[in-house]
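Worksheet for the structure shown next.
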Amino acid sequence: MQISNISRRAILQAGGAAGLAAALGLTASGPAAAAGSTAANGTTEIVDLGPAVVQFSLMSSVLVGDIVYIGSRNLDPVRIVAFHVPTGKVVGETVLDTGYSIQALAADSTGRYLYAGVLQNAVGTLPNLYRWDLASLSTKATPIGRISDRDVRDLSVAPNGRLYAVGGGSPTKPALWEYDPATGQVISLGIPDPGATLARAVAATDTTVFFGAGSTLGGGGSAGRACLWAYSRATRSFTQVTPSEMLADPSIRELAILGDKLVVSSAASTQQSKVALLDLDNLASYSVATSIGKTAKNFAGIGDNVYFANETGLCAYSVATNSISQLTLDGPSLGEIWGVDASNNKLLATSGYGFVAEIDPGTGTMAVTDLGEAGASATPQTVMGIAAGAGFAYVGGNGVIARHSLATGQVVNLQSPGEAKDAVIVDSVLYTGQYSSQGIWKYDPLSGRPIHQAADFPGAQNRPLDVCWDDVNRLMLVAAQSDTEGGGSFWTYDPGTGAKQCFINPIDNRQLLRAVATRDGVAYLGGGLPTLDGPGTIVAFDPRAGKELWRIEPVMGAGISALAIQGRNLYGLTRKGGIFVVDLPTRQLVHRADISSLSYGFGALVANRSVIYGVSDTNVFRFDPKTFEVATVLADTKGGWYSGSHITNDEDGYLYTMRGRNLVRIDDHPRK
173 MQISNISRRA ILQAGGAAGL AAALGLTASG PAAAAGSTAA NGTTEIVDLG PAVVQFSLMS
233 SVLVGDIVYI GSRNLDPVRI VAFHVPTGKV VGETVLDTGY SIQALAADST GRYLYAGVLQ
293 NAVGTLPNLY RWDLASLSTK ATPIGRISDR DVRDLSVAPN GRLYAVGGGS PTKPALWEYD
353 PATGQVISLG IPDPGATLAR AVAATDTTVF FGAGSTLGGG GSAGRACLWA YSRATRSFTQ
413 VTPSEMLADP SIRELAILGD KLVVSSAAST QQSKVALLDL DNLASYSVAT SIGKTAKNFA
473 GIGDNVYFAN ETGLCAYSVA TNSISQLTLD GPSLGEIWGV DASNNKLLAT SGYGFVAEID
533 PGTGTMAVTD LGEAGASATP QTVMGIAAGA GFAYVGGNGV IARHSLATGQ VVNLQSPGEA
593 KDAVIVDSVL YTGQYSSQGI WKYDPLSGRP IHQAADFPGA QNRPLDVCWD DVNRLMLVAA
653 QSDTEGGGSF WTYDPGTGAK QCFINPIDNR QLLRAVATRD GVAYLGGGLP TLDGPGTIVA
713 FDPRAGKELW RIEPVMGAGI SALAIQGRNL YGLTRKGGIF VVDLPTRQLV HRADISSLSY
773 GFGALVANRS VIYGVSDTNV FRFDPKTFEV ATVLADTKGG WYSGSHITND EDGYLYTMRG
833 RNLVRIDDHP RK
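Residues 173 to 844, numbered by the working numbering, are exactly what the sequence shown covers, in order.
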């Protein structure tokens, strides 16, 4: 069992919450003023509860000299902060004009220029590559161009100053990109592997550029497994050099040049990840070791050891013995690590929890500096799942769950690894579906115990997307997708006994599970393909017996985004904005309609006060329980969602969702 401790850095105490609230225009002693409206279809009152999740969230870091440069995650605007290690202070910051996160940072060999690549929400013509002149930290990073892949996942600067970039997220397959500072041009050097769907690693020497790809997003399945290519700058050709031991893994996760060696790691799924050392003069000559866990990233060398991060902390790869061990650390959990660097025989680990740890690898002792206290600005981030009840609303972010007191407005940040994609509250206890491969986590505010893992599930079933409570069977139900293997799984968990079950591919081995709803002890599972198109099958499933009862395809031409039940009717929302209703006793489709003007993509549904409500990135809406006519409750929400919109309710019938990056409470009374 993994336990994430709530530390001083992770809690906004009452005084701190008041100060932050004042700075952000909140009322710290209670909810903000309500905005009510009266319409022909009833009355609606909206209460703004303030920013949903506030922290300095990060996704990358690199050490240049004695400064760690750290790229933000899901903050607006996107920014890089400069953390000066000797003084423990943030000494500079620059903002970028595009993107929502920075996963890729790299410096040139002189230490003069820092390059950054951003993740973007859509394919377009905006720049996604930037350069910051470190000679003057007061200057702003400037755009230098774009790669045609939507997202920049990794960067590397060759000794001669040329920049190389890789990524993905576009309809085309990922390419290797080169930026020449002498000409200012960004060009494609080609697509080395037409089977790859995502490239996450690149490393360059003066003669060779290494390209690592595969896929761990969106249900990779058998396509897009790990591949490593060497691009010769002399012949302008690619040669595959993937270590045979990594071919079955989903992707190449990280690359680094350390001396005369290329360090390579794989991202794992059903097996453990691997780390290999390839001889740069003879790439067929290498050693490979099985690592610990599913992730191996962020390499740094000290002496005869290569240090790197996995999902639970830091590991040491002994070159002499070709073996890997987990470091025993004396300090707080590091959570997800986004940077590992070596300085003065110490390791600098940049934690997704928002701090930098200086670690003695020999003793495991560490000194921790909170980036917020060091001067990094904590601002509202985009969010994941939400849950409300028992006097609190909970909102999931990156490495954090923000707990809002509905009585006082106080906000407490609970550290939790990964992301709470969805959650429910049962008997005042919060249960979350935790990405990635973290299973179900539990938090009881009355117990005094930190949030902790309640149940684990197969690591390949990594992305729990929808959570609901089965009051008949007293079970927590979770729909999860497998990013690496395709398909998905249906989980059940009994909080009373701790019993759990996992049913893999209950629909088929292609459809990802994205939705679950329950009525009279039967679970209804909704699926869809990784693409927008597909059958969108619904399976009625007995969660105790673990067997299918029946299935139906609404024939909407799109995968299912959300399900909810009111009375005898099962409502379904598709990713293309279709709504359908199934009469459960007769198993007949009784209604279909196009509501794409209100909802498109990953929406959500909830039953509340005998009415089904829906939410998208842009609107909150409801359905008439008799005619199924749709009406807008709250328009132009511009919801600050990271991975699909959510809506939930509490025991009093209040709805909770996002407007911008603020949490809002909705009291809706439709005219009957």
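Quick reminder that beta carbons are idealized off the backbone N, C-alpha and C, glycines included.
Which term fits residue i, buried or exposed, when burial requires 16 or more other beta carbons within 10 angstroms of its beta carbon?
i	result
alanine 652	buried
alanine 205	Low confidence applies to alanine 205: its pLDDT is 48, below 50, so where it sits in the model is not reliable, and the reading given next is rough at best. Alanine 205 is exposed by the Cβ-count criterion.
alanine 371	buried
leucine 845	Any answer about residue 845 is impossible in this case: the structure gives the chain only from 173 up to 844.
leucine 301	buried
alanine 313	buried
valine 644	exposed
aspartate 599	exposed
tyrosine 826	buried
alanine 546	buried
alanine 847	This structure cannot speak to residue 847, because the chain is shown only from 173 to 844.
glutamate 801	exposed
proline 346	buried
threonine 210	At threonine 210, the pLDDT of 47 sits below 50, so the modelled position is not reliable and the matter cannot be decided from this model.
glutamine 760	exposed
For residue i, which residues of its own chain have a beta-carbon under 7 Å away from its beta-carbon, when the five flanking residues on both sides are left out?
i	result
glutamate 725	Pro707, Gly708, Thr709
serine 609	Lys466, Gly631, Asn634
histidine 841	Gly214, Thr215
threonine 414	Ala398, Cys399, Leu400
leucine 721	Val694, Ala712, Phe713, Asp714
asparagine 681	Gly658, Gly659
tyrosine 607	Gly590, Glu591, Lys593, Asn634, Arg635, Pro636
leucine 247	Ser229, Thr551, Gln553
leucine 455	Ala402, Val413
Keeping to the same chain, check which residues put their C-beta closer than 6 Å to that of residue i; ignore five residues upstream and five downstream.
i	result
leucine 278	It is alanine, not leucine, that sits at residue 278 in the sequence shown. Once the five neighbours on either side are set aside, the close Cβ partners of alanine 278 are Tyr287, Leu327, Ser328, Val329.
glycine 731	Gly700, Leu701, Gly706, Gly708, Arg747
glycine 749	Ile767, Ser768, Ser771, Tyr772
aspartate 352	Arg334
serine 179	Reliability of the predicted coordinates at serine 179 is poor, the pLDDT of 32 falling under 50, and the value obtained from them is presented with this limitation in mind. Taken in chain order, the residues that qualify are Pro504.
glutamine 174	Any answer about glutamine 174 is weak, because its pLDDT of 27 lies below 50 and its placement is not dependable; what the coordinates show is given next. If we look at glutamine 174 and ignore the five residues flanking it on each side, its Cβ neighbours are Gln625.
glutamine 185	Unreliable placement is indicated for glutamine 185, whose pLDDT of 28 sits below 50; the coordinate value is still reported in the next sentence. Excluding residues within five positions, none has a Cβ falling inside 6 Å.
leucine 756	Arg740, Leu742
tryptophan 304	Thr266, Leu286, Ala313
tyrosine 615	Leu602, Ile623
Once the 5 residues before and after residue i are set aside, which same chain residues still bring their CB inside 8 Å of it?
i	result
isoleucine 474	Ala514, Asn517, Leu519, Pro533
leucine 486	Tyr479, Phe480, Gln498, Leu499, Leu501, Leu506, Ile509, Val512, Leu519, Ala521, Ile531, Pro533
alanine 461	Lys446, Val447, Ala448, Tyr489, Asn494, Ser495, Ile496
alanine 182	Any answer about alanine 182 is weak, because its pLDDT of 34 lies below 50 and its placement is not dependable; what the coordinates show is given next. Answer for alanine 182: Tyr525, Val572, Asn585, Leu586, Gln587, listed in chain order.
glycine 202	Residue placement at glycine 202 is flagged as unreliable, the pLDDT there being 45, under the threshold of 50; the coordinate-derived value follows with that caveat. Cβ within range, chain order: Ala579, Thr580, Gly581.
leucine 845	Any question about residue 845 goes unanswered here, given that the chain covers just 173 to 844.
threonine 804	Leu770, Asn791, Val792, Phe793
Assuming contact is defined by CB atoms lying nearer than 7 Å, are residue i and residue j in contact in what I supplied?
i	j	result
leucine 649	valine 596	no
histidine 763	isoleucine 558	no
leucine 637	lysine 593	yes
leucine 449	serine 459	yes
leucine 770	leucine 745	no
leucine 348	phenylalanine 382	no
isoleucine 838	isoleucine 274	no
valine 338	valine 295	no
phenylalanine 774	glycine 729	no
threonine 270	proline 299	yes
leucine 411	serine 387	Correcting the residue type first, residue 411 is threonine in the shown sequence and not leucine. Cβ distance not < 7 Å, so threonine 411 and serine 387 don't count as in contact.
aspartate 789	glycine 812	no
alanine 529	valine 540	yes
Quiz item: Pairing CB atoms from the region 524-537 with CB atoms from the region 792-802, are three or more of them under 8 Å?
Solution: These segments do not touch.
Quiz item: Counting Cβ pairs closer than 8 Å, one from the region 686-705 and one from the region 720-736, do we hit at least three?
Solution: Segments in contact, yes.
Quiz item: With a cut-off of 8 Å, do at least 3 Cβ pairs link the region 833-842 to the region 535-554?
Solution: Flag = yes, the region 833-842 and the region 535-554 touch.
Self-check item: Those runs of the beta strand (DSSP E) which lie wholly inside the region 758-806 and span at least 3 residues
Solution: Listed in chain order, the complete beta strand (DSSP E) runs (minimum 3 residues) inside the region 758-806 are 760-766, 776-780, 783-787, 792-795, 802-806.
Exercise. Could you pull out every unbroken beta strand (DSSP E) segment of at least 3 residues lying fully inside the region 445-501, listed in chain order?
Key: If we require 3 residues or more, the beta strand (DSSP E) runs fully inside the region 445-501 come out as 446-451, 454-462, 469-474, 477-482, 485-490, 495-498.
Quiz prompt | Completely contained alpha helix (DSSP H) runs for the region 513-581, where each covers 4 or more residues | solution = You should have 543-546.
Practice problem: Determine, using beta-carbon pairs with one atom in the region 613-627 and one in the region 405-415, whether at least three such pairs fall under 8 Å. | Solution: Contact between the region 613-627 and the region 405-415 is absent: fewer than 3 CB-CB pairs across the two stretches fall below 8 Å.
Quiz item: Are the region 255-269 and the region 560-574 in contact at 8 Å, needing three or more beta carbon pairs?
Solution: Short answer: they don't touch.
Practice problem: Could you pull out every unbroken beta strand (DSSP E) segment of at least 3 residues lying fully inside the region 380-446, listed in chain order? | Solution: 380-386, 399-404, 409-412, 423-430, 433-439, all fully within the region 380-446.
Self-check item: Stretch-stretch touch, CB-based, cutoff 8 Å, three pairs: the region 418-427 with the region 437-454
Solution: With three or more CB-CB distances shorter than 8 Å, the region 418-427 counts as touching the region 437-454.
Exercise. Return the chain-ordered ranges of every beta strand (DSSP E) run that is complete within the region 288-364 and spans a minimum of 3 residues.
Key: Whole beta strand (DSSP E) segments, 3+ residues: 301-305, 314-317, 323-329, 335-340, 348-352, 357-362.
Exercise. Please specify which runs of the beta strand (DSSP E), each continuous and at least 3 residues long, are wholly inside the region 225-268, giving them in chain order.
Key: Fully enclosed beta strand (DSSP E) runs of 3 or longer: 230-236, 239-244, 251-256, 261-267.
Practice problem: With a floor of 3 residues, list each beta strand (DSSP E) that falls wholly inside the region 576-619, ordered by position along the chain. | Solution: With a minimum length of 3 residues, the continuous beta strand (DSSP E) runs that stay inside the region 576-619 are 583-598, 601-607, 611-615.
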